[in-house]
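Residue numbering for the sequence shown follows full-length UniProt numbering, starting at 2 and increasing by one per position.
Cβ coordinates follow ideal geometry from the N, Cα and C atoms, glycine included.
Shown next, in structure tokens, is the structure this report addresses.
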Amino acid sequence: MKIEHYAVFGQPISHSKSPRIHKLFAEQTGQLMDYVAQEVPAETFAAATSRFFADGGKGLNCTVPLKELAWQYADHLTERARQAKAVNTLVCQADDSILGDNTDGIGLLNDLTINHGITLNGAKILILGAGGATRGVVPPLLEQQPSTLIIVNRNAGKAQAIAEDFAELGAVHACDYANLTDRQFDLIINATSASLSGDLPPLPEALLKTGGSCYDLAYANQATAFVTWGLANNAAQSLDGLGMLVEQAAEAFFIWRGVRPQTSTIIGLLNAERELNNTN
Ligand code: NDP
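Dropping the structure here:
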């Protein structure tokens, strides 16, 4: 048996937890594979990806700022990747063509519903931000039939464009931050990159319903600004995106290897390591 090769491309990439997560998946499921992180800027993405697959690479994850380029690169797209207009997982198929998929949405959905028991059906959901991640998470959220799904963004035109692109899947509305006053939601999802710089989008008070939850797609060693906002606003759960990261990786692993890793132990391990780091 020969070791099969996988990688994640992005820039920056040194902070990526993906090699660790896939190593844990491989150990847990007995797969003979390796997975490395490689710094790849947008300008050299196509050449680096072609070389990776020509050298026998089996599968690739793509992260910031490469997801749209990966979408363009793929020979074929899954339906969810086509809708998202962004690809985070490339797989070399038997005929050597490259299939592009997007596992971000299912990753979020699994973390919200399976790991944290958050009900989406009939819920009033607000998404902050209208970038690539929002495009990935809107279709699976709509499938759960929330009573309301609103996207708010600084650049309201981008939120409007997403609402229009996904109109065939269900009712999704766009607004700007000034229109949030006097509205309340069961679930607020922060899909902006604000937390990465310690910032918080301009949120009015009382935006979260009593018993509601907050979810920040970003994750860090300490609570993000949005997770802290959720706690200060009495969220029943105020979570960051570490669970989503593991869940989207598990979906990619399943696409590549045909084996579904057990995620809860790995999320537990990463959370325990994070707590240990914070107490040291
Ligand atoms: P993009 O760069 O595509 O989009 C960023 C969005 O954030 C834009 O809508 C932008 O608004 C908004 N934004 C940035 N700064 C602020 C601010 N200070 N206040 C309000 N809005 C702001 O990023 P992605 O969509 O790819 O990623 C978004 C986040 O999701 C990142 O933190 C990323 O790390 C995380 N993520 C996590 C995953 C996981 O597995 N946990 C998976 C995928 C993403 P505007 O358009 O007005 O500039």
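Inter-residue CB distance, residue i and residue j (contact presumed, cutoff 8 Å)
i, j, result
"I267", "T90", "Going by Cβ atoms, the distance from I267 to T90 rounds to 18 Å, so no, they are not a contact pair."
"W230", "L201", "6 Å"
"E274", "G108", "Wrong, their Cβ atoms sit about 20 Å apart, outside the cutoff."
"K43", "L70", "According to the sequence as given, residue 43 is Ala; it is not Lys. That belief holds up - the Cβ atoms of A43 and L70 are roughly 6 Å apart, short of 8 Å."
"A38", "P20", "5 Å"
"G11", "V41", "7 Å"
Contact under 7 Å by Cβ, residue i with residue j
i, j, result
"V9", "S15", "no"
"L100", "V92", "yes"
"A192", "G130", "yes"
"K68", "R136", "no"
"A226", "S196", "yes"
"I126", "P147", "yes"
"A26", "P262", "In the sequence as displayed, the identity of residue 26 is Phe instead of Ala. In contact: F26 and P262 (Cβ atoms closer than 7 Å)."
"L209", "A236", "yes"
"Y74", "T45", "no"
"V138", "G106", "yes"
"D102", "M245", "no"
Inter-residue Cα distance where the pair is residue i and residue j
i, j, result
"A160", "A175", "5 Å"
"V153", "E5", "42 Å"
"A157", "D177", "5 Å"
"Q145", "F254", "24 Å"
"G212", "N122", "16 Å"
"R184", "T149", "11 Å"
Bounding residues of the alpha helix (DSSP H) (the contiguous stretch that carries residue i)
i, result
"T30", "S19 to T30"
"Q186", "In the sequence under discussion, the amino acid at residue 186 is Phe, which differs from the Gln named in the question. Not the alpha helix (DSSP H): F186 falls in the beta strand (DSSP E), residues F186 to N191."
"I107", "D105 to L110"
"K68", "K68 to Y74"
Limits of the unbroken beta strand (DSSP E) element including residue i
i, result
"S239", "Q238 to L240"
"F10", "E5 to G11"
"G60", "G60 to C63"
"A38", "M34 to E40"
"G213", "L209 to D217"
"G101", "I99 to D102"
Burial state of residue i, where buried means 16 or more other Cβ atoms lie within 10 Å
i, result
"K3", "exposed"
"D35", "exposed"
"S214", "buried"
"I151", "buried"
"E252", "buried"
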